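Following my numbering, the numbering of the sequence shown begins with 68 at its first residue and continues without gaps.
These notes are about the structure you will find just below.
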Amino acid sequence: MPIFYLFVVILDEPAAAWQAIWRPATLSLLLRSLALAVAVGFTATAVAVPLAWLTGRSDLPWRRGWTVLSVLPLVIPSYIGAYLFVSAFGPRGELQKLLGVDQLPSLYGFVGAWIVLTLFTFPLVLLPVRAAMRRLDPTLEDAARGMGRSQFEVARSVILPQLIPAIGAGALLVSLYALSDFGAVSILRFDSFTQVIYQSYRSSFDRTAAAGLAGVLVLVLFVLLAAERRVRARRSYHRIGPGSARITEDVALGRWRWPAVAFCTVVALLSFVMPVGMLIFWSTQSIAGDIDWSQVTTAAANSVLLAGLTAAVAVVAALPVAWLGARAPGRLSRVVDGLTTSGYALPGIVVALAMVFVGIRLVPALYQSLPMTVIAMVIICLPLAVTSTRSAVLQIPPRLEEAARSSGRSPLAVLATVGIPLTRIGILAGAALVFVAAIKELPIVVLLSPIGFDTLPLVIWQQSSRSFFESGAIPALMLIAVTAPGVWLLVGRQR
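And the structure:
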C-alpha cells in the first residue's frame, strides 16, 4: 500500500517529482544519510554480537537481567533519547555543570547522531542473533576444538558463519531505521534525507516532492536487501549429520568474567540507566507540572493493547513470509521480501498518509479505526518479525520436515508440530521486537488512531509541544514501565 500510494502521487505530477529528485542537494543528503546508516549498522552489530554471546552462551553473572537491560533501550523513542543525551552531555548539560568546565565536545552533527542511534538500535541486532545463537549445534564446536582450534578460532570459523543470517538481518534493520529516523537527527542537527521528506509534507505541503524522495528511499531499500541476500546466499545453516542436536552448554568466562560484566555495565549505563535517570530527575522537578494520572494510565492501557495486537498479527503474518524466503528462495520470495520490508524503510508519516489515502478512497469504514491503525503498525513492524523468524527457520534441518511429511502429516500439521516448536525462540524474539517498536510509534497514532484513543507517545508529544519537554518525563517513565514486564517474559525467561 505505501508503494502503491507513492506511485499514484508521483504519476499525478511526474515532472515535479523528477525535479525534486534531481536537485543538487538531493545527492549530498542521500550520501550523508547512507554514511550514517552504514556507520550505525556496523557499530550496532559490534555492540550486539558480543552481548548476544555473553547473555546467551556464557556463565555471565545475572544473565537474565543483562538481557532485559540490553533490550529495553528499544523502548525509548529516538527523539527522547537524543534530547536526554543533549541534556546530559551537551552544552550546558548536567555533566558540564558537574565537572565545572566551560565547554565539552559537541554532540551535534554526524557523531552525535551516530552514537545516539547506535545506543538505541543495537537490540535490533541483539535479539535475532541471541535467538540464533541459542539454537547452534555444540557438536560442531566440539569437533573444531577436537582438531586443536582455540576458542577464538572456533568463534571465527564455526560460530560466526552460522550467525550470518541473523547478523545480516539485524544490521539491515538498524540501517533502515537510521535511514528513516527523523526525531534524533533533527534534535542533533544532522541534515538527513528523511528531514527533507518531513519538511515537504509539514511546511510546504508538497506531497509530490516528498513522494519522489520517498521513492528514492525505496530504491535504496532494494539495494540493501540485495546486498544482505548476497551475503547469506548459497549457504547452509542447519545441521546435516545424523541424530539430534544437543542443547548448547554455557561457556565458562574464567578470568574474563569481570571484564565482561564491565562491558555490559557500560552499555547498560549509556543506553538505559542514564536516560532513565534523567527522566526520574526531571519528574522530580516542579517544572514537570501536575500530571493527569487518569490520562496516563488510560494511555498506558491503550499502548499495551495496540502493541500487543500488532505483535500478534505481525508474528502470524511473518510465518509464511519467513518460510517462503528460507525454503523457496527465488524471484517470488525476493519480491515478497522487498514488499514486506518497504514499510520499515519509509518514514512513518509516509506510511500513515498512504493508509489515509486508502481509507478515504477505498475503504471508508476503516478510516480512523483501531483495525486500520493495527494494519499500519504491522506494515512498518513486519520486517522485525520476519527477520527473526527466517533466521530461525534457516537453522532447522529440512529433513525433519520431510520426515514428518513422509509420515503422512499435512503441511499445516508439520508447521504446528515441527516448525513452530523449533523456531519459537526466533518467533518470541520477533514478537518482542515488534512489541517494543509498536508501543513507541507516534506518526501512525497521530494520523490514524480513533478519536480519543491516546497512547503514551501521543501524551508525551502533546505535553512536550504545549510547554517544556520535561513535562513528558512521567509518561515516558510509564512507557518504559509497561514494556519492561513484556520484555522480561519474552526474553528474560527463555530456556
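All residues carry an ideal CB built from backbone N, CA and C; glycine is no exception.
In this text, all values refer to a predicted model and were calculated from it rather than measured experimentally.
Worksheet item: Does DSSP put Ser455 in a helix, in a strand, or in coil?
Response: Working through the sequence shown from its first residue, we reach residue 455 at position 388. Three-state DSSP puts Ser455 in a helix.
Item to complete: Closer than 7 Å by C-beta to Phe249: which residues in its own chain qualify, once you throw out the five before and the five after it? Chain order, please.
Response: Position 182 of the sequence shown, counting from 1, holds the residue named residue 249. Answer for Phe249: Thr261, Gln262, Tyr265 and Pro414, listed in chain order.
Discussion item. Please report the distance separating the alpha-carbon of Arg256 from that of Gly235.
Written reply: Residue 256 sits at position 189 when you count from the first residue of the sequence shown. Residue 235 sits at position 168 when you count from the first residue of the sequence shown. So the two alpha carbons sit approximately 29 Å from each other.
Discussion item. Considering only DSSP beta bridges, list what Val318 is partnered with.
Written reply: As a first step, residue 318 is located in the sequence shown; it is residue number 251 there, counting from the start. DSSP, once it has assigned bridges, lists Ser125 as partnering Val318.
Fill in: DSSP state of Leu203 mapped onto helix, strand, coil
Indexing the sequence shown from 1 puts residue 203 at position 136. Three-state result, Leu203: coil.
Practice prompt. Measure the beta-carbon distance from Val383 to Leu118 and round it to whole angstroms, keeping in mind my assumption that it falls under 8 Å.
Written response: Locating residue 383 in the sequence shown gives position 316, counting from the first residue. Locating residue 118 in the sequence shown gives position 51, counting from the first residue. At roughly 29 Å, the Cβ-Cβ gap does not stay under 8 Å, so Val383 and Leu118 are not in contact.
Worksheet item: Under the rule that 16 or more other beta-carbon atoms within 10 Å means buried, what is Trp85, buried or exposed?
Response: Against the sequence shown, residue 85 aligns to sequence position 18. Looking at its Cβ environment, which holds fewer than 16 other Cβ atoms inside 10 Å, Trp85 is exposed.
Practice prompt. Work out the CA separation of Val318 and Pro69 for me, nearest whole Å.
Written response: For the purposes of this step, residue 69 is taken as the residue at position 2 of the sequence shown. For the purposes of this step, residue 318 is taken as the residue at position 251 of the sequence shown. Each residue's alpha carbon lies about 46 Å from the other.
Discussion item. Checking 8 Å against the spacing of the C-beta atoms, do Ile455 and Gly392 come in under that value?
Written reply: Residue numbering aside, residue 455 sits at position 388 when the sequence shown is read from its first letter. Residue numbering aside, residue 392 sits at position 325 when the sequence shown is read from its first letter. Reading off the sequence, residue 455 comes out as Ser, not Ile. Cβ distance not < 8 Å, so Ser455 and Gly392 don't count as in contact.
Worksheet item: CA-CA distance, Leu78 and Ala419?
Response: Here residue 78 refers to the residue found at position 11 when the sequence shown is read from its first residue. Here residue 419 refers to the residue found at position 352 when the sequence shown is read from its first residue. Distance between the alpha carbons of Leu78 and Ala419 is about 20 Å.
Worksheet item: Do Leu139 and Ile506 have their C-beta atoms closer together than 8 Å?
Response: Taking the sequence shown and counting its residues from 1, one reaches residue 139 at position 72. Taking the sequence shown and counting its residues from 1, one reaches residue 506 at position 439. Cβ distance not < 8 Å, so Leu139 and Ile506 don't count as in contact.
Discussion item. So, at 6 Å on beta carbons, what are the nonlocal neighbours of Arg457 in its own chain, with the 5 sequence-adjacent residues on each side left out?
Written reply: Taking the sequence shown and counting its residues from 1, one reaches residue 457 at position 390. Result list for Arg457: Ala389, Gly392 and Ala393, in chain order.
Practice prompt. Determine the direct distance from the alpha carbon of Val285 to that of Phe71, and round the result to whole angstroms.
Written response: The residue given as residue 71 occupies position 4 in the sequence shown. The residue given as residue 285 occupies position 218 in the sequence shown. Cα-Cα distance, rounded: 12 Å.
Discussion item. So, for Val283: in the same chain, excluding its five sequence neighbours on each side, which residues have a beta-carbon less than 8 Å away from its beta-carbon?
Written reply: If you number the sequence shown from 1, residue 283 lands on position 216. Cβ neighbours of Val283 beyond the five flanking positions: Ile88, Thr93, Leu97 and Phe260.
Discussion item. Against chain B, with Cβ distances strictly below 8 Å, would Ala452 count as a contact?
Written reply: Included in the structure is just one protein chain, with no chain B present.
Worksheet item: Short check: CB of Met545 to CB of Leu525, under 8 Å?
Response: Residue mapping note: residue 545 aligns to position 478 of the sequence shown, counting from 1. Residue mapping note: residue 525 aligns to position 458 of the sequence shown, counting from 1. Taking 8 Å as the Cβ cut-off, Met545 and Leu525 do not qualify as a contacting pair.
Worksheet entry | The alpha helix (DSSP H) enclosing Glu80, as first and last residue numbers | Position 13 of the sequence shown holds residue 80. Here Glu80 belongs to no alpha helix (DSSP H), and DSSP marks it neither H nor E.
Worksheet item: With DSSP run on the structure shown, which of helix, strand or coil describes Tyr265?
Response: Taking the sequence shown and counting its residues from 1, one reaches residue 265 at position 198. Helix at Tyr265.
Worksheet item: How would you call Pro552, buried or exposed, if buried means at least 16 neighbouring beta carbons within 10 angstroms?
Response: The count along the sequence shown starts at 1 and reaches residue 552 at position 485. Its Cβ having fewer than 16 others within 10 Å, Pro552 is exposed.
Worksheet entry | Buried or exposed by the 16-neighbour rule on C-beta atoms within 10 Å, applied to Ser338 | The sequence position of residue 338 within the sequence shown is 271, counting from 1. Counting Cβ neighbours within 10 Å, Ser338 comes out buried, since at least 16 surround it.
Discussion item. Beta-carbon within less than 7 Å of Arg212's beta-carbon, same chain only, minus the 5 sequence neighbours each way: which residues are those?
Written reply: In the sequence shown, counting from the first residue as 1, residue 212 sits at position 145. Val221.
Practice prompt. Provide the residue span of the alpha helix (DSSP H) that contains Arg216, from first to last.
Written response: As a first step, residue 216 must be located in the sequence shown, where it is residue number 149. Element bounds for Arg216: n/a, residue is neither H nor E.
Discussion item. Quick check on the burial criterion: 16 or more other C-beta atoms within 10 angstroms. Buried or exposed for Trp181?
Written reply: For the purposes of this step, residue 181 is identified with residue 114 of the sequence shown, where counting begins at 1. By the 10 Å Cβ count, Trp181 comes out buried.
Practice prompt. Using beta-carbon positions only, say whether Thr408 and Ile511 come within less than 8 Å of one another.
Written response: For the purposes of this step, residue 408 is taken as residue 341 along the sequence shown, with counting starting at 1. For the purposes of this step, residue 511 is taken as residue 444 along the sequence shown, with counting starting at 1. Cβ distance not < 8 Å, so Thr408 and Ile511 don't count as in contact.
Discussion item. My assumption, with CB atoms under 8 Å, is that Pro542 sits in contact with Ala277. Please give the rounded CB distance.
Written reply: As a position in the sequence shown, residue 542 is number 475, starting the count at 1. As a position in the sequence shown, residue 277 is number 210, starting the count at 1. That pair is no contact at about 30 Å.
Worksheet item: Got a sec? Which residues, its chain only, sit under 8 Å from Ser267 by beta carbon, not counting five neighbours each side?
Response: Locating residue 267 in the sequence shown gives position 200, counting from the first residue. If we look at Ser267 and ignore the five residues flanking it on each side, its Cβ neighbours are Ala87, Asp273, Arg274, Ala276, Ala277 and Leu280.
Worksheet item: What are the boundary residues of the alpha helix (DSSP H) that Val402 is part of?
Response: Mapped onto the sequence shown, residue 402 falls at position 335. From DSSP, the alpha helix (DSSP H) with Val402 extends over Arg398 to Ala412.
Item to complete: Could you give the DSSP three-state label for Thr93: helix, strand or coil?
Response: Reading the sequence shown from its first residue, position 26 is the one you call residue 93. DSSP places Thr93 in helix when its eight states are reduced to three.
Discussion item. I need the straight-line Cα distance from Leu239 to Leu291, nearest angstrom please.
Written reply: Residue mapping note: residue 239 aligns to position 172 of the sequence shown, counting from 1. Residue mapping note: residue 291 aligns to position 224 of the sequence shown, counting from 1. So the two alpha carbons sit approximately 7 Å from each other.
Worksheet item: The alpha helix (DSSP H) with Ser253 in it runs from where to where?
Response: Position 186 of the sequence shown, counted from the first residue, corresponds to residue 253. Run containing Ser253: Gly250 to Ile254, per the alpha helix (DSSP H) assignment.
Fill in: Burial state of Glu508, where buried means 16 or more other Cβ atoms lie within 10 Å
Reading the sequence shown from its first residue, position 441 is the one you call residue 508. When all chains shown are included, Glu508 counts as buried.
Worksheet item: For Ala430, which three-state DSSP category applies?
Response: Taking the sequence shown and counting its residues from 1, one reaches residue 430 at position 363. The amino acid at residue 430 is misidentified as Ala; the sequence shows Val. Here Val430 sits in coil by DSSP.
Practice prompt. Identify the continuous alpha helix (DSSP H) that holds Leu174 and give its terminal residues.
Written response: Numbered from 1 along the sequence shown, position 107 holds the residue referred to as residue 174. No alpha helix (DSSP H) holds Leu174; DSSP gives it neither H nor E.
Discussion item. For Thr188, count the other beta carbons within 10 Å of its own beta carbon; 16 or more makes it buried, fewer makes it exposed. Which is it?
Written reply: Sequence index remark: in the sequence shown, residue 188 carries index 121 (1-based). Answer is buried; the Cβ neighbour count reaches 16.
Worksheet entry | Exposure label - Val460; buried when at least 16 CB within 10 Å | What you label residue 460 is simply residue 393 of the sequence shown in a count that begins at 1. Answer is buried; the Cβ neighbour count reaches 16.
Discussion item. For the stretch 468–475 against the stretch 431–448, do three or more pairs of beta-carbon atoms, one drawn from each stretch, fall closer than 8 Å, so that the two count as touching?
Written reply: no
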